[in-house]
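Undergrad: Protein chains in written order, with my numbering: chain A, 1 to 170; chain B, 1 to 119.
Even for Gly, the Cβ is constructed at its ideal location relative to N, Cα and C.
Keep in mind the model is a prediction, meaning the values are calculated, not measured.
My questions all concern the structure below.
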Amino acid sequence: MTNPKTIAEPQGECELLVTREFAAPRELVFRTWTEREHLMNWWGPRTWPLDYCTVDLRVGGAWHYRMRGPNGEEAWGKGIYKEIARPERLAYDDYFSDADGSENPPAMFLAVDFEDRGGRTLLRSKATFASREHREQVLAMGMVEGLSESLDRLDEHIEAAVAGAAGGAA
Amino acid sequence: MTTDQLSLTFSALADPTRRAILARLAGGEASVKELAAPFKMTLPAVSKHLKVLERAKLISRGRDAQWRPCRLRAEPLREVDDWVERYRQFWDESFDRLDDYLMELQSKEKDHDEPKDYR
Numbered sequence: 001m002t003n004p005k006t007i008a009e010p011q012g013e014c015e016l017l018v019t020r021e022f023a024a025p026r027e028l029v030f031r032t033w034t035e036r037e038h039l040m041n042w043w044g045p046r047t048w049p050l051d052y053c054t055v056d057l058r059v060g061g062a063w064h065y066r067m068r069g070p071n072g073e074e075a076w077g078k079g080i081y082k083e084i085a086r087p088e089r090l091a092y093d094d095y096f097s098d099a100d101g102s103e104n105p106p107a108m109f110l111a112v113d114f115e116d117r118g119g120r121t122l123l124r125s126k127a128t129f130a131s132r133e134h135r136e137q138v139l140a141m142g143m144v145e146g147l148s149e150s151l152d153r154l155d156e157h158i159e160a161a162v163a164g165a166a167g168g169a170a
Numbered sequence: 001m002t003t004d005q006l007s008l009t010f011s012a013l014a015d016p017t018r019r020a021i022l023a024r025l026a027g028g029e030a031s032v033k034e035l036a037a038p039f040k041m042t043l044p045a046v047s048k049h050l051k052v053l054e055r056a057k058l059i060s061r062g063r064d065a066q067w068r069p070c071r072l073r074a075e076p077l078r079e080v081d082d083w084v085e086r087y088r089q090f091w092d093e094s095f096d097r098l099d100d101y102l103m104e105l106q107s108k109e110k111d112h113d114e115p116k117d118y119r
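Structure (structure tokens):
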């Protein structure tokens, strides 16, 4: 049995909750989420680190960043702060973005709770979609992505079938 | 699965309305009427889409003549699960990095033996 450190669970129709515990006090964990220098050091998968980031930490302010992929690809993101309650809670609207700082839909609302666990911190990040339709839209986007992977497999399958038929005829 | 069946599946999935119907069914079974509601489509138009999905084995329908609820068939629609898993993995990879980074910050603090401003 695997015991993943990060747990993701759909909640109701419009929410997705991600939880993880960190061996650090919550004041510090909160800062790693809200200060540019810290974010540059950890945000994004290892193969997609940040190489640009600005932070304007106030309600209505934004954090805007660029992740850089292994082949030089760019992925821009932008968050608009909705609630800042140091050190227990941070909430923001999360958008896809670009170099100009556009806010591209669909947005998700993310509420991150930092729970004190006696020197450790339980982090709960809850993504909320605007509606069931919105969630379905995001899920359908995931399906399209999955579909293109499946189509690649279909191509392979057909190639194999054609090669098999040619082999049989020879 | 044969190539013909695969083609059937993929052409069924290529239509955005049918994908939206599947996404709706991912949340639980539904009647034709319930499925038609968000699309502003007539019942016969939705029924036509459902037939395509049924032929592609993406959904199954109840036997009850009055209320033939449509159900998503788990295979080959693992994509929803896959999507949640991709979301989880994105965070998992970031959080592994955050884990390491927090260790590093805290060990630096110990080394210097003075309260450090983490900036």
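At which residues does the alpha helix (DSSP H) containing residue 97 of chain A begin and terminate?
TA: Here residue 97 of chain A corresponds to residue number 97 of the first sequence, with the count starting at 1. Per DSSP, residue 97 of chain A belongs to no alpha helix (DSSP H); it is in the beta strand (DSSP E), 89–97.
Undergrad: Which residues, in order along the segment 40–54 of chain B, keep a beta-carbon less than 8 Å from a beta-carbon of chain A?
TA: Result list empty, no residue passes.
Undergrad: Suppose contacts are defined by Cβ-Cβ distances below 8 Å. Is residue 69 of chain B in contact with residue 30 of chain B by that definition?
TA: Here residue 69 of chain B refers to the residue found at position 69 of the second sequence. Here residue 30 of chain B refers to the residue found at position 30 of the second sequence. Yes. Within cutoff.
Undergrad: Take the Cβ of residue 47 of chain B as the centre, count every other Cβ of all protein chains shown within 10 Å, and call the residue buried at 16 or more, exposed below.
TA: By 1-based counting over the second sequence, the position of residue 47 of chain B is 47. Residue 47 of chain B is exposed by the Cβ-count criterion.
Undergrad: Alpha carbon to alpha carbon, what distance is there between residue 86 of chain B and residue 144 of chain A?
TA: Here residue 144 of chain A refers to the residue found at position 144 when the first sequence is read from its first residue. Here residue 86 of chain B refers to the residue found at position 86 when the second sequence is read from its first residue. Per-residue confidence for residue 144 of chain A stands at a pLDDT of 44, beneath the threshold of 50, marking its modelled position as unreliable; no derived number is given.
Undergrad: Are the beta-carbon atoms belonging to residue 32 of chain B and residue 43 of chain B less than 8 Å from one another?
TA: Within the second sequence, residue 32 of chain B is the residue found at index 32, counting from 1. Within the second sequence, residue 43 of chain B is the residue found at index 43, counting from 1. A contact, by the Cβ cut-off of 8 Å.
Undergrad: If I follow the unbroken beta strand (DSSP E) through residue 10 of chain A, where does it start and stop?
TA: To locate residue 10 of chain A, count along the first sequence from 1; it is residue 10. Per DSSP, residue 10 of chain A belongs to the beta strand (DSSP E) from 7–11.
Undergrad: Comparing the C-beta of residue 79 of chain A with each C-beta of chain B, is any distance below 8 Å?
TA: As a working mapping, residue 79 of chain A is identified with position 79 in the first sequence. No - not a single Cβ of chain B is within 8 Å of the one on residue 79 of chain A.
Undergrad: In chain B, which residues lie less than 9 Å from residue 23 of chain A when you measure between Cβ atoms?
TA: Counting from 1 along the first sequence, the entry for residue 23 of chain A is found at position 23. Those within 9 Å of residue 23 of chain A in chain B are 99, 102, 103, 106.
Undergrad: Would you say residue 69 of chain A and residue 47 of chain A are within 8 Å of each other, going by their C-beta atoms?
TA: Taking the first sequence and counting its residues from 1, the one referred to as residue 69 of chain A is at position 69. Taking the first sequence and counting its residues from 1, the one referred to as residue 47 of chain A is at position 47. Cβ distance < 8 Å, so residue 69 of chain A and residue 47 of chain A count as in contact.
Undergrad: Smallest Cα separation from residue 117 of chain A: which of A:59, A:92, A:88, A:11?
TA: Walking along the first sequence from the start, residue 117 of chain A turns up at place 117. Taking only the C-alpha atoms, the option nearest residue 117 of chain A is A:88.
Undergrad: Can you tell me whether residue 107 of chain B is buried or exposed? The criterion is at least 16 other CB atoms within 10 Å of its CB, across all chains shown.
TA: If you number the second sequence from 1, residue 107 of chain B lands on position 107. It counts as exposed.
Undergrad: Identify the continuous alpha helix (DSSP H) that holds residue 28 of chain A and give its terminal residues.
TA: In the first sequence, the residue the question calls residue 28 of chain A occupies position 28. 26–34 is the span of the alpha helix (DSSP H), which, as asked, contains residue 28 of chain A.
Undergrad: Check the DSSP bridge columns for residue 123 of chain A and list the partner residues they point to.
TA: As a first step, residue 123 of chain A must be located in the first sequence, where it is residue number 123. The partner list for residue 123 of chain A (beta bridge, DSSP) reads A:20, A:114.
Undergrad: Here's the rule I'm using: 16 or more other beta-carbon atoms within 10 Å means buried, otherwise exposed. How should residue 103 of chain B be labelled?
TA: Taking the first residue of the second sequence as position 1, residue 103 of chain B is located at position 103. Exposed is the call here.
Undergrad: Does residue 111 of chain B have its Cβ less than 8 Å from a Cβ in chain A?
TA: Here the question's residue 111 of chain B lines up with position 111 in the second sequence. So, not an interface residue.
Undergrad: Hey, does residue 43 of chain A have any beta-carbon neighbour from chain B nearer than 8 Å?
TA: In the first sequence, the residue the question calls residue 43 of chain A occupies position 43. It does; some Cβ of chain B falls within 8 Å.
Undergrad: So if DSSP puts residue 80 of chain A in a beta bridge, which residue, or which two residues, is it bridged to?
TA: Within the first sequence, numbered from 1, the residue matching residue 80 of chain A stands at position 80. The partner list for residue 80 of chain A (beta bridge, DSSP) reads A:62, A:93.
Undergrad: What did DSSP end up calling residue 95 of chain B once you bin it into helix, strand or coil?
TA: Within the second sequence, residue 95 of chain B is the residue found at index 95, counting from 1. Looking at residue 95 of chain B - three-state DSSP - the assignment turns out to be helix.
Undergrad: Using a beta-carbon distance cut-off of less than 8 Å, what residues from the segment 19–43 of chain B approach chain A?
TA: Listed by position, the residues of the segment 19–43 of chain B near chain A (Cβ gap below 8 Å) are 19, 20, 22, 23, 24, 26, 27, 38.
Undergrad: Under 8 Å by Cβ, that's how I've got residue 18 of chain B and residue 53 of chain B pegged, so tell me the actual separation to the nearest angstrom.
TA: What you label residue 18 of chain B is simply residue 18 of the second sequence in a count that begins at 1. What you label residue 53 of chain B is simply residue 53 of the second sequence in a count that begins at 1. Contact flag correct, Cβ pair sits at about 6 Å.
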